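Residue 91 in our numbering is what sits at position 91 of the sequence shown, and the numbering runs on without skipping anything.
Beta carbons are placed, not taken as given, at the ideal position from N, Cα and C, and that holds for glycine.
All values derive from a computational prediction rather than experimental measurement.
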Amino acid sequence: MRTTPNPVQSLHHFAYRCRNAEETRHFYEDILGMPLVHTVYHDHVPSTGEYHPYFHIFFRMQDGGCLAFFDLLDDTGYTPDPKTPAWVNHLAMNVASREDLSVAKARLEAHGIEVLGIVDHKIFDSIYFFDPNGIRLELAYQTAGAEKMAQLAADAHAGLALRDAKFAERRAKLAGEASL
């Protein structure tokens with residue numbers, strides 16, 4: 001049960017590294033339809049003063065939040081953690097309808113982008129694909145209604161308690177395999 005107030009209103013921006021700002025712009029603006037709304041160049045990092053030239057580019061979602069990218073001018077993109085499976089780290093964004101999801105899938109595939117899904121997650125349907133920087137993206141359409149989502153929220157803490165039991169079970173199994 002949450003006892004502290006939640007001051008977070010919405011996503012301002014989420015930033016990733018990109019290999020090439022124009023390649024990234026083409027994908028997000030021309031293919032996904034997210035308008036480029038801001039670009040900035042700095043020689044120094046504003047928060048630390050460190051010398052590190054970069055371009056910072058922002059693409060707006062319909063709710064006003066942005067996806068942002070840093071082009072560090074070195075032709076190097078996002079590097080995923082080799083110990084984390086490729087399906088774990090991803091950014092999921094909402095679409096308004098199942099039709100929008102299908103249209104997005106067709107548009108991505110028409111541009112030669114491999115798309116996984118439409119996957120039925122029981123409370124939402126989604127597609128998965130990678131941007132040109134190797135970042136896994138998901139577009140999702142929520143199929144569950146408000147009542148179902150309220151019930152899931154009410155059960156969330158109890159569901160999280162299951163994690164400890166599953167962790168102990170997995171640890172015991174791995175320990176048993178190691179002793180063989």
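Collapsed DSSP secondary structure at residue i in the structure displayed
i    : result
E169 : helix
E114 : coil
Q151 : helix
Y78  : coil
A161 : helix
H26  : helix
L36  : strand
A86  : coil
Residue i: first and last residue of the uninterrupted beta strand (DSSP E) it sits in
i    : result
R19  : It is not in any beta strand (DSSP E) - R19 carries neither H nor E in the DSSP assignment.
I127 : F124 to F130
E138 : R136 to Q142
T48  : Element bounds for T48: n/a, residue is neither H nor E.
M61  : Unbroken run through M61: none, as it is neither H nor E.
L91  : L91 to N94
Residue i - partner residues in DSSP beta bridges
i    : result
L101 : For L101, which the question treats as bridged, DSSP gives no partner whatsoever.
Y41  : F55
A178 : Beta-bridge pairing links A178 to no other residue.
V119 : S126
H13  : C66
(request) Check whether the stretch 150-165 touches the stretch 97-110, taking contact to mean three or more Cβ pairs, one atom from each stretch, closer than 8 Å. (result) No: fewer than three Cβ pairs fall under 8 Å.
(request) Answer yes if the stretch 23-32 comes into contact with the stretch 123-132, meaning at least three C-beta pairs across the two stretches below 8 Å, and no otherwise. (result) Yes, the stretch 123-132 touches the stretch 23-32.
(request) Evaluate contact between the stretch 65-79 and the stretch 7-22, counting only Cβ atoms and requiring at least three cross-stretch pairs below 8 Å. (result) Enough Cβ pairs lie closer than 8 Å, so yes.
(message) With a threshold of 8 Å, are at least 3 pairs of Cβ atoms found where one atom belongs to the stretch 139-147 and the other to the stretch 84-94?
(response) Yes, the stretch 139-147 touches the stretch 84-94.
(message) I'd like to know if the stretch 6-14 and the stretch 26-36 are in contact, where contact means that at least 3 CB-CB pairs between them fall below 8 Å.
(response) The stretch 6-14 is not in contact with the stretch 26-36.
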